[in-house]
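K.L.:
Mind looking over this structure? Questions follow.
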Amino acid sequence: MKDYDVLVIGGGPIGLAAAAELANSNQQVLLIEQFDFINQKGSSAGSSRQFRVQYAQKYMSELALESIPFWEKLQKTTEDVLIDQVGSLWFGDPALSSQEGGIEAAMEVMEELHIPYQPLQGKEIESLFPFTNIPEDYSGFFQKDGGIIDFKATQKALLAICQSAVNVDLLAQTPVTNIQSLENGAIVVTANRQEYYTSKLVICPGAYVNDILKHFGLSINIDIWEMSSAYYRKTEDIKLPTWFVFQKPQDTSLFYGFPEVDWAHPGYIRVAPDIPDRIIQDPSQRSPYPSKKSLGFNETWVKDHMVGLDPSSEFTATCLITLSNNSKELLLDFLPDSVNNSKNIILYTGGWAAKFVPLLGKILSDLVIKGTTPYNISNFKIDYKNC
Ligand SMILES: Cc1cc2nc3c(=O)[nH]c(=O)nc-3n(C[C@H](O)[C@H](O)[C@H](O)COP(=O)(O)OP(=O)(O)OC[C@H]3O[C@@H](n4cnc5c(N)ncnc54)[C@H](O)[C@@H]3O)c2cc1C
C-alpha cells in the first residue's frame, strides 16, 4: 500500500479545509469520507450558515476576525460568492445568555476589540427591518461584517483545491473501520478492507466522533443536537440581514434567519429555531423527520413577528450538530498521551464552526505538521475518557 504523510478522516468542510491546506505544504495526503463529499448526512446539511464576528467571548471574536483573510484567500479560487456580507442583526432580551452568546456580552467584546456596530432599541428594529410586534424593552445591534455563507459553494471550492492537487488522494464512500497507532510510529487506518499507512492523522468526523475514538479505547461526552429548519415564501419584497433573536424561554423562543439568496430556494427565506428537536448521543439515533413541535414554534414566530412571509413551513430539513456538554465553543485537541503517537494525531469535532472553516483547515494543518499553531486554541481542549 502507498504510505501517506498525513491521512485525514472525514470529508466534511473541516476535513476538506485541512486537506486543502495540507495540499500546499508538500505532504502526501489521503482524505477518506464514508459517504459522498458535500453530503447531507452530518453537520453540514443544507445550503447556508451565518458568518459573524460578535461573540460573548473575546477569544472567539478574535478567531472570527482571524478567519477573514482565510475566507478572502479561498474566495480567490472560485467565482461563487462564499460570504454575502449582508450584516448580522442581534435583538431581544439584552441580558439573556444563550449557548450562542448574548447581546450585552457581545457588545462589551465589540467595544474592547473596536469592532464597529450600531446599537438599536425596540421600535427602531421594526423601522429598519421586516419584523413586527417586537416588545418595547427589546434591544440589540447591527454589525455590518456578518453575512450568509454559501456552504455548498464553500465545500465545492475546497473539494476543487483537493481534486486539483497532485499530492492529495480522495476516497468517498469509504468508511474507516479500524485505526491502529503503533509503537514504531506508524498509524494504520483500515477502510473498505484496505490498510493505509501514515505517520500523521487528522480526524474530523463531526457527530461520528465516538465511532472513531473507540479505536483508541477513548470516548468523549458530547451532545448531538438534531435541529430542524424551514423556508417561508416571500409575499412582499422584504430585505433581511442574517439575524438572531434572544428570548425566554430559551427552549422554545430562540430563532435565527437569513436573507433570500439565489442559490437556495429563491423566492423563499430560511428561518429556524435554535433549539434541539432532540439531544442524542449517537448519529444512529437520529430521526429522519423534522420535529413538528420545533417547526410549530418557528411558524408561530414567523406569523407573529415577521413581515412579508407566508408562515407555512416548506423545504423543511434536519441537521446534526455536535456540541460540547461542558460549554466549550469548539473541541480541538491532540489525542491524550496514553495513545501512541498522540502528538501526531489531532481531532476536531463539535461547535458552531462553519464561520471558521478555512482557518480551522490552517490550524489543523499547522498542528499536525509542526505540532503548534499561532492561533489561540487553548480554550478548546478535549476531556477524553477511557472506554
Ligand atoms: C442547523 C445547523 C445550523 C448551523 N448554523 C451555523 C452557523 O450559522 N454558523 C456557524 O458557524 N456554524 C453553524 N453550524 C455548525 C456547522 O454547520 C458545523 O460546525 C460544520 O458543518 C461542521 O463541519 P464538519 O466537517 O466538522 O462536520 P461534517 O460535515 O459532519 O463532516 C464530518 C464528516 O466525517 C465523515 N465521517 C465520520 N466518520 C467517518 C468514518 N468512520 N469514515 C469516514 N468518514 C467519516 C462524515 O461522513 C462527515 O461527512 C450549524 C450546524 C447546524 C446543524
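For the sequence shown, the residue numbers in my numbering are 41 to 427. Just so you know, even glycine gets a beta-carbon here, dropped at the ideal spot from N, CA and C. Please read all numbers here as calculations on a predicted model, not as lab measurements.
On the DSSP bridge list, what partners appear for M346?
P.N.:
DSSP lists F171 as partners of M346.
K.L.:
Where does C202 sit, in a helix, a strand or coil, going by DSSP?
P.N.:
Helix at C202.
K.L.:
Does the beta carbon of I49 fall short of 7 Å from some heavy atom of ligand 1?
P.N.:
Yes, ligand 1 has a heavy atom inside 7 Å of this Cβ.
K.L.:
Which class does Y272 belong to by DSSP, given the choice of helix, strand or coil?
P.N.:
Residue state, collapsed to three classes: strand.
K.L.:
In whole angstroms, what separates the C-alpha of G55 from that of S101?
P.N.:
Whole-angstrom Cα-Cα distance: 23 Å.
K.L.:
In three-state DSSP terms, what is W111?
P.N.:
In this structure, W111 counts as helix in the three-state DSSP scheme.
K.L.:
Cβ of L363 within 8 Å of Cβ of D373?
P.N.:
No, Cβ-Cβ distance for L363 and D373 is not below 8 Å.
K.L.:
Near L37, which residues of its chain fall below 8 Å by C-beta distance, leaving aside the five closest residues on each side in sequence?
P.N.:
The structure shown does not extend to residue 37, since the chain spans only 41 to 427, so no value can be given for it.
K.L.:
Can you tell which of R89, G142 and Q67 has its C-alpha closest to the C-alpha of S405?
P.N.:
The residue with the shortest Cα to Cα distance from S405 is Q67.
K.L.:
Of all the options Q158, G297, Y272 and G390, which has the alpha carbon lying nearest to the alpha carbon of S353?
P.N.:
Here the closest residue by C-alpha is Y272.
K.L.:
Taking Cβ to Cβ, would you say A58 is nearer than 8 Å to G401?
P.N.:
Closer than 8 Å, so yes.
K.L.:
Excluding sequence positions up to five away, which residues of its chain have a Cβ less than 6 Å from the Cβ of L114?
P.N.:
Excluding positions up to five away in sequence, the list reads A197 and P398.
K.L.:
For A226, report the span of its alpha helix (DSSP H) as first-last.
P.N.:
It is not in any alpha helix (DSSP H) - A226 carries neither H nor E in the DSSP assignment.
K.L.:
State yes or no: is the C-beta of Q90 nearer than 7 Å to some heavy atom of ligand 1?
P.N.:
Yes, Cβ of Q90 sits closer than 7 Å to a heavy atom of ligand 1.
K.L.:
Between the Cα of D209 and the Cα atoms of R89, S382 and L70, which residue gives the shortest distance?
P.N.:
For the residues R89, S382 and L70, the minimum Cα distance to D209 belongs to L70.
K.L.:
State the CB to CB distance for the pair A63 and C244, rounded to an integer number of angstroms; the pair is presumed to be in contact (CB under 8 Å).
P.N.:
15 Å between Cβ atoms; not a contact.
K.L.:
Is the closest heavy atom of ligand 1 to the C-beta of K192 under 7 Å?
P.N.:
No, the beta carbon of K192 sits no closer than 7 Å to any heavy atom of ligand 1.
K.L.:
Kindly confirm or deny that the stretch 180-194 and the stretch 124-134 touch, where touching means at least three C-beta pairs closer than 8 Å.
P.N.:
Touching, yes, given that three or more Cβ pairs across the two stretches are closer than 8 Å.
K.L.:
For S239 and D45, what's the separation of their Cα atoms in angstroms?
P.N.:
Roughly 6 Å separates the two Cα atoms.
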